[in-house]
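Down below is the structure, laid out as structure tokens.
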Amino acid sequence: MRVMCEKCQQPLSLSDGEFICSACGAHYPAQLCCPECHQPLEVLKACGAVDYFCRNGHGLISRKRILFQPPDH
Numbered sequence: 003m004r005v006m007c008e009k010c011q012q013p014l015s016l017s018d019g020e021f022i023c024s025a026c027g028a029h030y031p032a033q034l035c036c037p038e039c040h041q042p043l044e045v046l047k048a049c050g051a052v053d054y055f056c057r058n059g060h061g062l063i064s065r066k067r068i069l070f071q072p073p074d075h
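The opening residue of the sequence shown carries number 3 in our numbering; numbering runs sequentially from there.
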């Protein structure tokens, strides 16, 4: 799935948790999603650790498995 810029309709690239348009310089936040159900993950922070939790029954999700998707409009 290619993600396109809303402003200039050019392809976006993913960098440091956000989508960036190299054509016009627009930045869009990426939504962290479960690789199983594609629903947004809850971010849990405690004692310096960051964990990702799926509320749809898939439990804790490894940082390596997270899907980055454009936010819903």
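Where is the CB? At the ideal position from N, CA and C, for every residue including glycine.
Here the structure is a predicted model, which means the values were calculated and not measured.
Pair within 8 Å by beta-carbon distance, residue i and residue j
i, j, result
"Cys-36", "Asn-58", "yes"
"Leu-69", "His-40", "yes"
Start-to-end residues for the beta strand (DSSP E) that takes in residue i
i, result
"Lys-47", "44 to 48"
Pairwise C-alpha distance: residue j and residue i
i, j, result
"Cys-49", "Arg-4", "37 Å"
"Cys-26", "Cys-10", "7 Å"
"Arg-65", "His-29", "22 Å"
Neighbour flag for residue i against chain D, beta carbons, 8 Å
i, result
"Glu-44", "The chain labelled as chain D is not found in the depicted structure, where only one protein chain is given."
Residues of its chain near residue i, where Cβ-Cβ distance is below 7 Å and the 5 sequence neighbours each way are ignored
i, result
"Asp-53", "Leu-46, Leu-62"
Close Cβ partners of residue i (< 8 Å) along its chain, the five nearest in sequence each way excluded
i, result
"Ala-32", "Leu-16, Gly-19, Glu-20, Phe-21, Phe-70, Gln-71, Pro-72, Pro-73"
Cut-off 6 Å between Cβ atoms - residues of its own chain near residue i, not counting five sequence neighbours on either side
i, result
"Glu-76", "One cannot answer for residue 76 here, as it falls past the ends of the chain, which runs 3 to 75."
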